[in-house]
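Using the numbering used here, you'd call the opening residue of the sequence shown number 91 and step up by one each time. Contents: one structure, followed by commentary.
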Amino acid sequence: MKQFLITVVLFVSLGRTYADEGMWLPLLLGKQVYADMVKRGLKLSSEQLYSINKASLKDAIVIFGGGCTGEMVSNEGLLFTNHHCGYGAITAASDLQHNYLRDGFWAYDKKQEIPAAGLSVQFLLKIEDVTEEIAPALEGLSADDRSGKQSDLIAQVNEKYSDPLKNVQARVSALFKGNQFLVFVYQQYNDVRLVGAPPESVGKFGGDTDNWEWPRHTGDFSVFRVYAGPNGEPAAYAADNIPLRPKHFLPISIKGVKDGDYAMIYGYPGSTNRYETSYGIKLATDITNPSLVNLRDIRLKAMFEEMKKDPAVKLRLAPMYAGVANYWKFYDGETKQLLKYHIYEKKQEEEARFIQWAEGKPEFENIFTAWPKVYDAWKPYAKHRVYINEGILGASLAKFAATLIKVESDMLKQGADAAIVKQGLEAADAARKKFKDGADIISDQRIMAATCHMFYTDIDKAQHPVGFYEKIKTAYGDLNDAGTYKNWALAVFSNTILLNDAKWEAFMNKPDAVALQNDPAYIYAGGFVKNYNTKYEPLFQRFNIRNNDLGRLYLKGVIQMDPKKKMYPDATFTMRVSYGTVKSYSPRDAVKYDIVCTMKGVMEKYIPGDYEFDLPPKLIELVKKKDFGQYIDKRLNDLVVCFITNNDITGGNSGSPVIDANGNLIGLAFDGNYEALSHKLAFDKDMNRSICVDIRYVLWCIEKLGGAGNIIKELKLVKQP
Ligand code: ARG
Numbered sequence: 091m092k093q094f095l096i097t098v099v100l101f102v103s104l105g106r107t108y109a110d111e112g113m114w115l116p117l118l119l120g121k122q123v124y125a126d127m128v129k130r131g132l133k134l135s136s137e138q139l140y141s142i143n144k145a146s147l148k149d150a151i152v153i154f155g156g157g158c159t160g161e162m163v164s165n166e167g168l169l170f171t172n173h174h175c176g177y178g179a180i181t182a183a184s185d186l187q188h189n190y191l192r193d194g195f196w197a198y199d200k201k202q203e204i205p206a207a208g209l210s211v212q213f214l215l216k217i218e219d220v221t222e223e224i225a226p227a228l229e230g231l232s233a234d235d236r237s238g239k240q241s242d243l244i245a246q247v248n249e250k251y252s253d254p255l256k257n258v259q260a261r262v263s264a265l266f267k268g269n270q271f272l273v274f275v276y277q278q279y280n281d282v283r284l285v286g287a288p289p290e291s292v293g294k295f296g297g298d299t300d301n302w303e304w305p306r307h308t309g310d311f312s313v314f315r316v317y318a319g320p321n322g323e324p325a326a327y328a329a330d331n332i333p334l335r336p337k338h339f340l341p342i343s344i345k346g347v348k349d350g351d352y353a354m355i356y357g358y359p360g361s362t363n364r365y366e367t368s369y370g371i372k373l374a375t376d377i378t379n380p381s382l383v384n385l386r387d388i389r390l391k392a393m394f395e396e397m398k399k400d401p402a403v404k405l406r407l408a409p410m411y412a413g414v415a416n417y418w419k420f421y422d423g424e425t426k427q428l429l430k431y432h433i434y435e436k437k438q439e440e441e442a443r444f445i446q447w448a449e450g451k452p453e454f455e456n457i458f459t460a461w462p463k464v465y466d467a468w469k470p471y472a473k474h475r476v477y478i479n480e481g482i483l484g485a486s487l488a489k490f491a492a493t494l495i496k497v498e499s500d501m502l503k504q505g506a507d508a509a510i511v512k513q514g515l516e517a518a519d520a521a522r523k524k525f526k527d528g529a530d531i532i533s534d535q536r537i538m539a540a541t542c543h544m545f546y547t548d549i550d551k552a553q554h555p556v557g558f559y560e561k562i563k564t565a566y567g568d569l570n571d572a573g574t575y576k577n578w579a580l581a582v583f584s585n586t587i588l589l590n591d592a593k594w595e596a597f598m599n600k601p602d603a604v605a606l607q608n609d610p611a612y613i614y615a616g617g618f619v620k621n622y623n624t625k626y627e628p629l630f631q632r633f634n635i636r637n638n639d640l641g642r643l644y645l646k647g648v649i650q651m652d653p654k655k656k657m658y659p660d661a662t663f664t665m666r667v668s669y670g671t672v673k674s675y676s677p678r679d680a681v682k683y684d685i686v687c688t689m690k691g692v693m694e695k696y697i698p699g700d701y702e703f704d705l706p707p708k709l710i711e712l713v714k715k716k717d718f719g720q721y722i723d724k725r726l727n728d729l730v731v732c733f734i735t736n737n738d739i740t741g742g743n744s745g746s747p748v749i750d751a752n753g754n755l756i757g758l759a760f761d762g763n764y765e766a767l768s769h770k771l772a773f774d775k776d777m778n779r780s781i782c783v784d785i786r787y788v789l790w791c792i793e794k795l796g797g798a799g800n801i802i803k804e805l806k807l808v809k810q811p
């Protein structure tokens, strides 16, 4: 294992390097990658990029809310991230009287900040290579044994490096598909407060129409503050907690960007699979992606219809809607780009080359005879899996009902443990409150009817839960008629105890498995999920274990086959740095996209009263007066709103700082472009762009639109000399 590492590092230093592609581990940049950064314009030492002894850039970057990135921008714990990352907290702080999602929110002093319950940030303390503690013990094990053993060993290392008393959590990440193991040690802070957010018409300007597209005119930012206990250590929310003093925070440059400028993005890319096989690509384009898109389409239409009508429903459904919509468009775009760029065929070519190389090498020569069989065994059930997760469980009522399977089984156990049952019921009661707060009954009922119908039509009848559709047919009629499912869903929603407070309370007081077994929502969700879990999930696990194991071997071979190739590990929601430049591109023949877009473009897109392209009156007033203050771009005589770079990022990087050659913040990354939506599986050097909100627009919104000069005062601004 050690050898593997040495090989990689050694050959990295021989390899030809070009920027753009690559999500590098700040710990393992290697001399050549660092040298290439410098060649591109970087003015910082590698110690300033990452150090565990001195304050370095890494100390300003946090995991925000468990799925996004944020960065420290003042010595009082002030944090910037995206609006869409703060979306849940902003919505939760809102009601119809204080509609901060719609109107924006600004704290003019610390007392006005709003605690965001449940929101946390995590600082990275250190990264260590623990390959030697894990890999040798896995040597020679079968795929099944390896998977279990690996989990056990990782759990042990995590425990060793964690310190719950200090809120220190360690998480081992299996990099290069399990060819290398690094432990990432984090410290978590749980007192995080909302400081500011622009109105949604700015923070989500362009909505889903413009999502994943350039040119983009969105002010996708929000502002939070991290608090610590009086001793500076992590603490639960308390009124007398004090603002955190971070080890490092980012100065902010308002000098503006130009084509070719160095740009570096630090953050937490969630997942990529750049060594996915041709079989995996085909499964995605033929089955899983289109299924997900069709099912989400139904859910989105049903939700949107009700959100349009009623601001209360809009507030309730907004976070769920945004999440579903974001990856609905992503997977639709991914499929289109995978097909357009012939990624399947390209992967086949790469595999043919590998097969040739592997001939006569016992460790590798059978990979591609075994792999198609693994896929063939799973393929007949792949659609079913998507239809459970995105269809049946796409109805919030069904999703909640399915969580009761555990409660039922605890109750039915021989000598049922009363304490465990009680615990399960209390959890269910809390989950029910959450479900009721976040769901809309009218759209949910429509979703249940439609997805149940789609499952009937699209999923192999032999895989249906036994007897379920026959009963619907007997009670409600023709299974090919949408009306049948509407009547059935109406009955489910009218009769379930899960939506009836009095009946639910009675059940909580006198819990009884039979009451669940007779409940129509539970019969439905429980029936489909148990059918899947008992018959098909084990096949999925089997597929997964084998697919992962072959993936690990394949990558090990690829590294040996191309020793000169500069390698970076796939994204695993661990801290990475990507470097590149501000750069224009040509999406198609005769079209060239500029590096920046401006307020002029915002006004061009403006549609008064529109759901996605409306604007706050105050913004229009300021633009009419050309009141851009110190944030104006002198070259363009306008306010720059967003810009693009060729950095390699993906979901999870949202909120990531875009950093210039001197370590200053110049923007926040918030999206990728449509032309490169296949980027999780295949990076396109020519097309791939990161979409970033210009920091000058962020500051303009804070100061001019929000009037929150108090926030600006806290920042360290770097201006034109
Ligand atoms: N596509 C962006 C991302 O995944 C999210 C943008 C949120 N905006 C929206 N209209 N859904 O980071």
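Think of the CB as a built atom: it goes at the ideal place given N, C-alpha and C, for glycine as much as any other residue.
Beta-carbon proximity list for Gly617, same chain, < 7 angstroms, skipping 5 on both sides: Counted from its first residue, the sequence shown places residue 617 at position 527. Only residues of its own chain outside the window of five on either side were considered, and among them Pro555, Phe558 have a CB closer than 7 angstroms to the CB of Gly617, listed in chain order.
Where the beta strand (DSSP E) through Glu218 begins and ends: Here residue 218 is taken as the residue at index 128 of the sequence shown, counted from 1. From DSSP, the beta strand (DSSP E) with Glu218 extends over 211-219.
Extent of the continuous beta strand (DSSP E) run through Arg678: Within the sequence shown, residue 678 is the residue found at index 588, counting from 1. Taken as a continuous stretch (DSSP letters only), the beta strand (DSSP E) holding Arg678 covers 675-678.
Stretch-stretch touch, CB-based, cutoff 8 angstroms, three pairs: the region 402-413 with the region 162-177: Flag = yes, the region 402-413 and the region 162-177 touch.
Rounded straight-line distance, which links the Cα of His543 to that of Trp594: Residue numbering aside, residue 594 sits at position 504 when the sequence shown is read from its first letter. Residue numbering aside, residue 543 sits at position 453 when the sequence shown is read from its first letter. Here the alpha carbon of Trp594 sits roughly 28 angstroms from the alpha carbon of His543.
Where Ile710 falls: helix, strand or coil (DSSP): Reading the sequence shown from its first residue, position 620 is the one you call residue 710. Under the three-state reduction of DSSP output, Ile710 falls in the helix class.
Closer than 6 angstroms: residues whose CB approaches a heavy atom of the ligand ARG: Shown in chain order are the residues whose CB sits closer than 6 angstroms to a heavy atom of the ligand ARG: His174, Lys294, Gly297, Asp298, Asn301, Trp302, Ala412, Ala415, Asn416, Gly741, Ser744, Phe760, Asp761.
Cβ pair Ala680, Gln427 closer than 9 angstroms: For this step, residue 680 is matched to residue 590 along the sequence shown. For this step, residue 427 is matched to residue 337 along the sequence shown. In this structure, Ala680 keeps its C-beta atom at 9 angstroms or more from the C-beta atom of Gln427.
Buried versus exposed, by CB contacts within 10 Å (16 or more), Asn590: By 1-based counting over the sequence shown, the position of residue 590 is 500. Looking at its Cβ environment, which holds fewer than 16 other Cβ atoms inside 10 Å, Asn590 is exposed.
Whole-angstrom distance between Leu502 and Glu449, CA atom to CA atom: The residue you call residue 449 lines up with position 359 of the sequence shown. The residue you call residue 502 lines up with position 412 of the sequence shown. Between the alpha carbons of Glu449 and Leu502 lies a gap of roughly 55 angstroms.
Cα-Cα separation, Ile96 to Ala374: Position 6 of the sequence shown, counting from 1, holds the residue named residue 96. Position 284 of the sequence shown, counting from 1, holds the residue named residue 374. With a pLDDT of 40 at Ile96, under the threshold of 50, the modelled position of this residue cannot be trusted, and the question is left open.
First through last residue of the alpha helix (DSSP H) which encompasses Gln202: As a first step, residue 202 is located in the sequence shown; it is residue number 112 there, counting from the start. DSSP places Gln202 in no alpha helix (DSSP H); its state is neither H nor E.
Coil, strand or helix - Ser263 by DSSP: On the sequence shown, residue 263 is found 173 positions in, with the first residue counted as 1. Here Ser263 sits in strand by DSSP.
Pro305 - DSSP class collapsed to helix/strand/coil: Taking the first residue of the sequence shown as position 1, residue 305 is located at position 215. When secondary structure is reduced to three states using DSSP, Pro305 falls in the coil class, being assigned neither helix nor strand.
Where the beta strand (DSSP E) containing Gln277 begins and where it ends: For the purposes of this step, residue 277 is taken as residue 187 along the sequence shown, with counting starting at 1. Here the beta strand (DSSP E) through Gln277 covers 270-279.
Range covered by the alpha helix (DSSP H) that runs through Met410: As a position in the sequence shown, residue 410 is number 320, starting the count at 1. Here the alpha helix (DSSP H) through Met410 covers 401-430.
Contact under 9 angstroms by Cβ, Phe154 with Val211: Against the sequence shown, residue 154 aligns to sequence position 64. Against the sequence shown, residue 211 aligns to sequence position 121. For Phe154 and Val211, yes; Cβs fall inside 9 angstroms.
Limits of the unbroken beta strand (DSSP E) element including Val604: Position 514 of the sequence shown, counting from 1, holds the residue named residue 604. That residue, Val604, is in no beta strand (DSSP E); its alpha helix (DSSP H) goes 603-607.
Spatial distance of Ile355 from Ser746 (CA atoms): As a first step, residue 355 must be located in the sequence shown, where it is residue number 265. As a first step, residue 746 must be located in the sequence shown, where it is residue number 656. When rounded, the distance between both Cα atoms is 6 angstroms.
Straight-line gap, Asp349 to Thr671 (C-alpha atoms, nearest Å): Position 259 of the sequence shown, counted from the first residue, corresponds to residue 349. Position 581 of the sequence shown, counted from the first residue, corresponds to residue 671. Spanning the two alpha carbons is a distance of roughly 8 angstroms.
Closest by C-alpha distance to Phe733, when choosing among Leu139, Glu303, Leu228: For this step, residue 733 is matched to residue 643 along the sequence shown. For Phe733, the closest C-alpha among the options Leu139, Glu303, Leu228 is that of Glu303.
Classification of Arg786 by the beta-carbon crowding that lies within 10 angstroms, buried from 16 upward: On the sequence shown, residue 786 is found 696 positions in, with the first residue counted as 1. Answer is buried; the Cβ neighbour count reaches 16.
Backbone CA spacing between Lys656 and Glu111 [nearest angstrom]: In the sequence shown, counting from the first residue as 1, residue 656 sits at position 566. In the sequence shown, counting from the first residue as 1, residue 111 sits at position 21. Rounded to whole angstroms, Lys656 and Glu111 show a C-alpha spacing of 10 angstroms.
Chain-order list of residues whose beta-carbon lies under 7 angstroms from that of Gln259 (same chain, five-residue window excluded): Working through the sequence shown from its first residue, we reach residue 259 at position 169. Excluding sequence neighbours, Gln259 sits near Ser252, Tyr276, Gln278.
At least 3 beta-carbon pairs within less than 8 angstroms: the region 646-654 vs the region 676-693: Two segments are said to touch when three or more pairs of C-beta atoms, one from each, lie closer than 8 angstroms; by this definition the region 646-654 does not touch the region 676-693.
Contact check, Tyr675 vs Arg130, beta carbons under 9 angstroms: On the sequence shown, position 585 is the one that residue 675 refers to. On the sequence shown, position 40 is the one that residue 130 refers to. Tyr675 is not a Cβ neighbour of Arg130, given a cutoff of 9 angstroms.
Per-residue burial, Asp700 [other beta carbons within 10 Å of its own, 16 or more giving buried]: For the purposes of this step, residue 700 is identified with residue 610 of the sequence shown, where counting begins at 1. Exposed, since its Cβ has fewer than 16 Cβ neighbours within 10 Å.
Cβ distance (whole Å) where Thr564 is taken to contact Ala661 below 8 angstroms: Reading the sequence shown from its first residue, position 474 is the one you call residue 564. Reading the sequence shown from its first residue, position 571 is the one you call residue 661. That pair is no contact at about 50 angstroms.
Thr735 vs Arg779 beta-carbon contact at 9 angstroms: Position 645 of the sequence shown, counted from the start, is the residue given in the question as residue 735. Position 689 of the sequence shown, counted from the start, is the residue given in the question as residue 779. Taking 9 angstroms as the Cβ cut-off, Thr735 and Arg779 qualify as a contacting pair.
Whole-angstrom C-beta distance between Val282 and Thr378, which should lie under 8 angstroms: In the sequence shown, residue 378 corresponds to position 288, counting from 1. In the sequence shown, residue 282 corresponds to position 192, counting from 1. No, Thr378 and Val282 are not in contact; Cβ-Cβ is about 35 angstroms, not under 8 angstroms.
Best match in Trp790, Pro341, Pro226, Met127 for proximity to Gln270 [C-alpha to C-alpha]: Within the sequence shown, numbered from 1, the residue matching residue 270 stands at position 180. In this structure, Pro226 is the residue among Trp790, Pro341, Pro226, Met127 with its C-alpha nearest to the C-alpha of Gln270.
Whole-angstrom C-beta distance between Phe266 and Pro659, which should lie under 8 angstroms: Locating residue 659 in the sequence shown gives position 569, counting from the first residue. Locating residue 266 in the sequence shown gives position 176, counting from the first residue. The beta-carbon distance between Pro659 and Phe266, rounded to whole angstroms, is 5 angstroms. This is short enough to meet the 8 angstroms contact definition.
Ser136 to Gly753 span [Cα, whole Å]: The residue labelled residue 136 in the question sits at position 46 within the sequence shown. The residue labelled residue 753 in the question sits at position 663 within the sequence shown. Pairing Ser136 with Gly753, the inter-Cα distance amounts to about 12 angstroms.
Closest Cα partner of Phe630 within the set Lys469, Pro341, Ala517: What you label residue 630 is simply residue 540 of the sequence shown in a count that begins at 1. The option with the nearest alpha carbon to Phe630 is Lys469.
Residue burial classification, Ser232 (beta-carbon count within 10 angstroms, cutoff 16): The residue given as residue 232 occupies position 142 in the sequence shown. Counting Cβ neighbours within 10 Å, Ser232 comes out exposed, since fewer than 16 surround it.
Pair within 9 angstroms by beta-carbon distance, Arg315 and Gly167: As a working mapping, residue 315 is identified with position 225 in the sequence shown. As a working mapping, residue 167 is identified with position 77 in the sequence shown. Going by C-beta atoms, Arg315 is nearer than 9 angstroms to Gly167.
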